[in-house]
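Chains as they are written, first to last, in this note's numbering: chain A, 1 to 503; chain B, 504 to 1006; chain C, 1007 to 1162; chain D, 1163 to 1318.
Just so you know, even glycine gets a beta-carbon here, dropped at the ideal spot from N, CA and C.
Here is the structure we will look at, set down as structure tokens.
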Amino acid sequence: MVSKVLVANRGEIACRILRACREAGLASVAIYAANDAKSFFVELADEAIALEGDSIAETYLNQRQILEVAELTGADALHPGFGFLSERADFARAVSQAGIQWIGPSPSAIERMGDKMTARITMRDAGVPVIPGEEIETEDEDEALIAIEQASTRVGYPLLLKASSGGGGKGMRAVERPEDLLEAARSARREALAAFGDGRVYLERLLTGSKHVEIQILADRHGRTIHLGERECSVQRRHQKVFEEAPCATMTEEIRSSMGKAAVAAAMAVNYEGAGTVEFLLAPSGEFFFLEMNTRIQVEHPVTELVTGVDIVREQLRIAAGEPMSCGELHIRGHAIEVRLYAEDATQNFLPAIGPLTVFQPPEGPGIRLDTGVRQGDEVTPNYDPMLAKLIVWAPSRDEALQRMRRALDEFVVLGTTTNLRFLRELCDVPDVVDGSTDTTMIDRLWPEGWTPTLPIEFEDGALMAAAVAESAGLHRKASVSATPNEHSGPVSPFMTLNRRYP
Amino acid sequence: MVSKVLVANRGEIACRILRACREAGLASVAIYAANDAKSFFVELADEAIALEGDSIAETYLNQRQILEVAELTGADALHPGFGFLSERADFARAVSQAGIQWIGPSPSAIERMGDKMTARITMRDAGVPVIPGEEIETEDEDEALIAIEQASTRVGYPLLLKASSGGGGKGMRAVERPEDLLEAARSARREALAAFGDGRVYLERLLTGSKHVEIQILADRHGRTIHLGERECSVQRRHQKVFEEAPCATMTEEIRSSMGKAAVAAAMAVNYEGAGTVEFLLAPSGEFFFLEMNTRIQVEHPVTELVTGVDIVREQLRIAAGEPMSCGELHIRGHAIEVRLYAEDATQNFLPAIGPLTVFQPPEGPGIRLDTGVRQGDEVTPNYDPMLAKLIVWAPSRDEALQRMRRALDEFVVLGTTTNLRFLRELCDVPDVVDGSTDTTMIDRLWPEGWTPTLPIEFEDGALMAAAVAESAGLHRKASVSATPNEHSGPVSPFMTLNRRYP
Amino acid sequence: MQHQFRTPEGPVEVTVAKQGDVWHLGEHRATVEPDGRLRIQLASGGSALATVAKVDDTWWIHFEGHTFCLERIEPGASQSGEEGGLTAPMPGKVLDVLVQVGQIVEAGQTLMILEAMKMEHRILASTSGHITGIHFTAGEQVQQGSVLLEMTEDED
Amino acid sequence: MQHQFRTPEGPVEVTVAKQGDVWHLGEHRATVEPDGRLRIQLASGGSALATVAKVDDTWWIHFEGHTFCLERIEPGASQSGEEGGLTAPMPGKVLDVLVQVGQIVEAGQTLMILEAMKMEHRILASTSGHITGIHFTAGEQVQQGSVLLEMTEDED
């Protein structure tokens, strides 16, 4: 039984989970750092408890303090979201030992999949194809560098260095030439050590021209382990996904079936429970290779929800409560696309940006979903990930979904902070995106010198004129009209003679 | 071929259609009365043309002027939306004669279904069951009253008087007792004459305890006439729908199949083209009776879109362009509920309200769709229908959809104009709604003395305190924080030395 | 500070006090958030945000899923409009006047028919009595709150 | 009225004139909508709404699907910051300093490594030259726009 869920996360995914708890009739507890006191997710929780400390390590990564909050509030389940402590087996273990239901797989499943090298070995043993490469187990920097150098000659160039504890592109480096290997390895190890406390990196051959395709998994305690079809997430910049879709445009029933089987086998190999994702590289030949398994909910889960009709977070809650999952046969309908709105400057190599969200007006209408943790008036700070929102569209066909995404992005207005909105909009017109032939190197290939917007000169004139008129008319000194209406009457309330006095 | 669509409507349905045109790559033209110059739908169109005149008759019902705009702008198709001219056969004919594609069925189909008495006779001839009742064809008031009185003894009480040209509850009266018949008939005739220019009314037996169930139809020029399953719209106040869902909670595959067949037969009997709805009363026995056919898109079409995955407006555009419809086999997934947010006072017999939308904050998150034509800062005027928005949710099951609707309504904030928001929220907790045993008289049965909110006294205390603190703190004199940020820096733009001078 | 508001149950006097950033009303507490909303902590322990907006003299409050409409009574303002007048509930057009001055009417009797938002609305007598004044005829436009008719209540 | 704005291509001077409610800039026209947006009618015939917001001295403009960020140059303000300084592109922490004062560096060489938003960012030399100043050491926090290092450009 689960009755009160502590959400050990922040931002849009905390909002997503807290709303699911509300809908499921579960009480909810949010935790927040001081700089999140006014964030939207804090409002959505039944209870919200401030965490002491300034850094992420002292707050959202502080296992002891989070467990204290769980005890204090009487939470009997904990949802870790993604990032932060979501793939920390030691935390999952501590939560369980405190008598609190961990909403996710067992600590041992997290461990075996969380260490990317162990996962590669586990998958190889289970008969799932992995990318050609070599594990480097040593933790010692000098020994590791020597081993990396030796392994590189066997793996061949171009190659990828990946942190064994990594994720989200952190501690990952593509190396084109032998002479760049050592600096890249040092840098990857340093970033990995800072981010995960584990500097180990391993080598994989860099498979160019491949698609990043991943299978969503659900497993309950009643003997069912199923997959919900695939997502394609090839479009990445800085090794981070930016444009995701379901289904994959080039998927065949045959590949879906064998990839789905491999993913279910991967999950069953570690006695998986809950929601998880098995990531593959899909080569143009139709061959696919295991990349890694994410033992948690993923950022891009909404595209799967829209095409399968399964509420994945709600199923996570059900499974954690010991109930059987409620979804039936896999039935994929239509097409869904997600783009990630980042506070970043796409013209400056996607450098993160900060600032106020002076205007934040998302698009509306049929087939549009917005998952966000921010509101107009909020502040984008350098403290956390720069993702502001996920804009997701569904339509009966892929063409219609792209048309809808273009329309939605055209309606979206964000002022006060630089975002990748225009980059996302122009992505929708790229021939590779239009015809579905996206691969993981597309952005680097299309814009080797960096991206700049295609901007008719007249639009720039219009913007300059707008600024000049706005300044001349003093628009910045006027309150918005809607904030201070003063010429209207509310309805007239009839009233009677009873008097009350307060207090 | 269709390339440019004139949308002869306003408000949320105009927004819905204009966005569909944008997505389909069609140019669009909006028409608007002076009091709509700042309405949202005007912004969404590629071109917007002001109509001359003040009254609805001079603007949105002015066939001549609308045809002139179509010619002026070179529109080659016209979408009438619902209400206004959407069911005027003479207009459909004039549009076609002007060489413009009417997005809807043929004038003769509109005529035969639009006159409710003719429709009853057509359906009876086609073997579709109709409600026991009598048509009164005479237009003369005195003759009609005599005929109504005579027919009433054969039909029996309670009975319904319905305008032959009616719709939306206008010109409709329920009569419980013979002594109320004449005043009700005069009033219904007067309202019908004012609204439709046709005072004829007919009699039907009032079938209490029945559900209002309707079937969505699509027919193209390539020989396909299909149905998209049913919607249940039993929950009505003042004969207007307020809570709609798909599928109907008590529907069986057998009844859906026979009702669907009857609806397709009805459409084929008039050589129907495009989207339409065949309305039935479904008795507790499982018997169903033809009510009427709406030869246009309906307010509640989104619930069908969400459960079938068909974009009905997009299919209308396709069918009008002579293409085959794109949807395949009927496959109903999950459950969708729509509630209609009206500017009205639910505690005063749903009397329409007006005022500014000082705050208008719709809910967000997965599974929520909002179709609206208003924005925060807009004004609700007495000129048009008081419907502000349609809030639609989808979830895998009916229970989950209700849970989601409760959550969404809890998040919805509207200030400045009285709405039925709380009424809608409490509807979601009514046992009849929860167990799906809604019928058309539910609201009158549950609240014979009118509805009042269930309000814990402490919440009223909280509100009084909020008002007192807001007044004391002078919150009405402060601009909103988000409107005038002043303590943040935008990103620093590097700049070079090139100088330009404008103009 | 002390304010009077009209509620459906009649005028209510509310006195709130401020200590530091916290407002007090008995055991209830409130603080003003940076975005202009109010955090209300009720004596029972519940806590929720109130969204507020003022339109003319009326505070609109959204709190715990309910919307309240509280007209502030200016200190010293006279209270008028309570007796006799039958006012237009909304702007519209008079369709028909069914009574005459001097006529005796019963509670619930239809006195006038208005048309607004394409619907008919009936103005009913709330008590039995005599019609003492009729201010509009069929076809005339009326504003919200316009006094349409006047009547005196019959004494029992 | 005349204003100067910084654009990616350099400062631009814009002169707009008002006739009645309509603003003019050459053949372009603009009007202010009641909600604070601007209706811009371009000389080419296109017309669209611009959403505007000012943050400090910078006007943010959304127009035709593009977002512009135009810093207004106060009349008479001096133009500084153009030479020599290598500034922090965003707030963060210095992870490593890879050069020393006096060192000769080449264009593209990594001078400093910052960490912000959990990612590493490299500060590169934009030209070849000499390092003349280093203002932060590893472990220190920096604000956006802080001058991190100074260098002189080598003459060719």
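Between the CA atoms of residue j and residue i - distance to the nearest angstrom
{"i": "B:Leu570", "j": "B:Arg519", "result": "22 Å"}
{"i": "B:Phe783", "j": "B:Phe791", "result": "6 Å"}
{"i": "C:Glu1039", "j": "D:Glu1268", "result": "52 Å"}
{"i": "B:Leu685", "j": "B:Gly672", "result": "19 Å"}
{"i": "B:Glu515", "j": "B:Asp881", "result": "13 Å"}
{"i": "D:Gly1198", "j": "D:Phe1230", "result": "17 Å"}
{"i": "D:Ser1209", "j": "A:Leu6", "result": "50 Å"}
{"i": "D:Gly1295", "j": "D:Leu1310", "result": "8 Å"}
{"i": "A:Arg375", "j": "A:Trp102", "result": "30 Å"}
{"i": "A:Thr225", "j": "A:Met259", "result": "14 Å"}
Neighbour flag for residue i against chain A, beta carbons, 9 Å
{"i": "C:Asp1102", "result": "no"}
{"i": "D:Ser1206", "result": "yes"}
{"i": "D:Ser1242", "result": "Confidence at D:Ser1242 is low in this model, with a pLDDT of 36, below 50, so the placement of that residue is unreliable and no value is reported for it."}
{"i": "B:Arg525", "result": "yes"}
{"i": "C:Asp1027", "result": "no"}
{"i": "B:Lys507", "result": "no"}
Local Cβ density within 10 Å of residue i, reported as buried at 16 or more and exposed below that
{"i": "C:Gln1085", "result": "At C:Gln1085, the pLDDT of 37 sits below 50, so the modelled position is not reliable; the number obtained from the coordinates is stated separately. Label assigned to C:Gln1085: exposed."}
{"i": "A:Gly127", "result": "exposed"}
{"i": "B:Asn565", "result": "buried"}
{"i": "A:Thr138", "result": "exposed"}
{"i": "A:Asn420", "result": "buried"}
{"i": "C:Lys1024", "result": "exposed"}
{"i": "D:Val1263", "result": "exposed"}
{"i": "A:Ser285", "result": "exposed"}
{"i": "B:Leu575", "result": "exposed"}
{"i": "B:Leu949", "result": "exposed"}
{"i": "D:Gln1164", "result": "exposed"}
{"i": "B:Gln743", "result": "buried"}
{"i": "A:His335", "result": "buried"}
Beta carbon proximity, residue i to chain B, threshold 9 Å
{"i": "D:Pro1237", "result": "no"}
{"i": "D:Gly1246", "result": "Bear in mind that a pLDDT of 48 at D:Gly1246, under 50, signals an unreliable position, so the number given afterwards is only what the model happens to contain. With 9 Å as the cut-off, D:Gly1246 does not count as an interface residue toward chain B."}
{"i": "A:Pro366", "result": "yes"}
{"i": "C:Leu1031", "result": "yes"}
{"i": "A:Thr233", "result": "What sits at residue 233 of chain A in the sequence shown is Cys, not Thr. False, the Cβ-Cβ gap to chain B never drops below 9 Å."}
{"i": "C:Phe1011", "result": "yes"}
Simplified DSSP assignment, three categories, for residue i
{"i": "D:Ser1209", "result": "strand"}
{"i": "D:Gly1198", "result": "coil"}
{"i": "A:Thr440", "result": "coil"}
{"i": "A:His212", "result": "strand"}
{"i": "A:Phe290", "result": "strand"}
{"i": "C:Glu1088", "result": "For C:Glu1088, the predicted structure reports a pLDDT of 36, less than 50, and the residue's modelled location is therefore unreliable. A value from the coordinates is still provided. The answer is coil: DSSP assigns C:Glu1088 none of H, G, I, E or B."}
{"i": "A:Glu141", "result": "helix"}
{"i": "B:Leu710", "result": "coil"}
{"i": "A:Cys428", "result": "coil"}
Any chain D beta carbon closer than 9 Å to residue i
{"i": "A:Ala147", "result": "no"}
Per DSSP, the bridge partner or partners of residue i
{"i": "C:Val1022", "result": "BP columns for C:Val1022 are empty, so no partner."}
{"i": "A:Gln101", "result": "A:Ala77"}
{"i": "D:Leu1187", "result": "D:His1190"}
Cutoff 9 Å: residue i Cβ touching any chain C Cβ
{"i": "B:Ser983", "result": "At B:Ser983, the pLDDT of 35 sits below 50, so the modelled position is not reliable; the number obtained from the coordinates is stated separately. Interface residue, yes."}
{"i": "A:Gly377", "result": "yes"}
{"i": "A:Glu141", "result": "no"}
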